[in-house]
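Using the working numbering, read the sequence shown as starting at -14 and increasing by one per residue.
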Amino acid sequence: MSVPRSTPLRSTLRSAAATGLAAGLLALPGGAAYATGPTPSPGKARAVTAELALDVSLLNDKVDVPVDITLNKVESPEQQKGHLPAVKAGGGAMLTAKVDGVDQGRPVTLVKAEAGNSTTRADEHGTAASVRLVGADLNAPGLVTTLIGLEALSAEATCPVDGQPTAKVTSPARVTVLGRSVALGLNGPTHVDVPAVGSVDIEFSRHTTTSTMAAASALEVNVAVNPLNLNVAKVTGKITVASVSCEKPVPAHTTAPTNPAPSDTAASTAARAVPAADTTTGAGKALAFTGSTGTGTLAGAAAALITAGTGALWLAARRRRNTRARHR
């Protein structure tokens, strides 16, 4: 009586091959290498001489007109074509805006200064941003009196490749708010209230530093005034003077996870996951393995073990069929 070609026998051979392959893969050192961590970046830097974000309420139609405008805003660009522009700068001493419904549509001068400059840098040494403003007057739409008057001030943020980011601000020697000379507090905002005009909260030198970034603003001004002039009922919002920030460059790096020790569960799971035929796609074949230069030798040894084990099982099955045939 002949032994039928049973499905269990083929299953046994396939299982043995898969198990051997899984064991060989688990024995390979190093494992698959993946790019980990943050995406490589050349770093960033930003500098603005003055930034106004105001809401202007009009008397005649009782609507708010937003005024969002900046003076000398520059930013370091992303890496392009393998190089970084070393310095980017912006200069200007006048900021005007046409505010719909205010002063019959004529341009309103919001910032007027003797000099205003913003500069950013991004190169192999790191990133940096700086602002310098000299002899400036800041105004609100519809307000006849100068809102903020100040002498020279500056702000700087530096993020070196190797080193701690820093931020510093140089205080103006003199500041006026709504025509009044004020001394800026160091522990919080300074409140200035002028009857029949409005109130201003002005804060000097807000800055933050971490291991990867730095930021500073020389002055931050919260405004709430009621000029009742040039068709303006109320102006509210925020003005930021000499704002700088930077982020350190992030290098590219690759790490290789360490394979865990082989176990029965891991081997059986890997065996079940191995297909009977090679169905690896192009994306799957892109996976790179790292380790010593003996990785190819170990892979060849694992393949030899699989072939030998499969052949031994086939010979044993053949002997059993021949023995049963002789004893029929």
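Here a beta-carbon is modelled for each residue, glycine too, at the ideal position from N, C-alpha and C.
Own chain partners of residue i with C-beta closer than 8 Å, once the 5 adjacent residues on each side are dropped
| i | result |
| --- | --- |
| G173 | E188 |
| R87 | Looking at the sequence shown, residue 87 is not Arg but Val. Correct list, in chain order: V41, L43, V50, V93, P126, G127, L215, N216 and V217. |
| V167 | V160, T161, T175, V177 and I187 |
| G77 | T34, L56, N57 and G101 |
Helix, strand or coil at residue i according to DSSP, with G and I counted as helix
| i | result |
| --- | --- |
| R159 | coil |
| R304 | helix |
| G164 | coil |
| D46 | coil |
| G86 | coil |
| D147 | coil |
| A262 | Low confidence applies here, because A262 scores a pLDDT of 41, under 50, leaving its location unreliable and the question unanswered by this model. |
| A78 | coil |
| K29 | strand |
| K233 | coil |
| L128 | coil |
Enclosing beta strand (DSSP E) for residue i [first to last residue]
| i | result |
| --- | --- |
| N334 | Past the edges of the chain, shown from -14 to 313, lies residue 334, and the structure says nothing about it. |
| P51 | D49 to E60 |
| L118 | G111 to L123 |
| L135 | I133 to L135 |
Cβ neighbours of residue i in the same chain (closer than 7 Å, five flanking residues each side left out)
| i | result |
| --- | --- |
| L155 | The question names Leu, but residue 155 is Thr in the sequence shown. Closer than 7 Å at the Cβ level, and outside the excluded window around T155, lie L138 and S139. |
| H110 | P145 and V146 |
| N124 | T94, L95, T131 and L132 |
For residue i, the residue or residues it bridges with in DSSP
| i | result |
| --- | --- |
| A193 | Inspection of the sequence shows that residue 193 is occupied by Thr rather than by Ala. According to DSSP, T193 bridges with A200. |
| L37 | I54 and I224 |
| V185 | V177 and V208 |
| N216 | The partner list for N216 (beta bridge, DSSP) is empty, contrary to what the question assumes. |
| V72 | R106 |
| L169 | According to DSSP, which records beta bridges pairwise, L169 is partnered with nothing at all. |
Residue i CB to nearest heavy atom of the ligand NAD below 7 Å
| i | result |
| --- | --- |
| V116 | Among the components of this structure there are no ligands whatsoever, and the ligand NAD is therefore not found. |
Beta-carbon contacts of residue i that lie in its chain and below 6 Å, excluding the five residues immediately before and after
| i | result |
| --- | --- |
| G75 | N57, V59 and S103 |
| D53 | A38 |
| D46 | none |
| A209 | G183, S184 and T221 |
| G28 | A107, T112, E232, K233 and P234 |
| S190 | V154 |
| T197 | K233 |
| E136 | P157, A158 and R159 |
| N207 | D186 and K223 |
| T143 | A113 and T151 |
Presumed contact (8 Å Cβ cut-off) between residue i and residue j, rounded CB distance
| i | j | result |
| --- | --- | --- |
| A201 | K153 | 7 Å |
| A32 | L118 | The pair is not a contact, with the Cβ atoms about 11 Å apart (cut-off 8 Å). |
| G164 | T130 | 5 Å |
| V229 | V84 | About 27 Å; that fails the 8 Å criterion. |
| A225 | E36 | For clarity, residue 225 is Thr in the given sequence; the question names Ala instead. Their Cβ separation, rounded to whole angstroms, is 5 Å, which keeps T225 and E36 in contact under 8 Å. |
| A98 | G134 | With a Cβ gap of about 10 Å, A98 and G134 do not count as contacting. |
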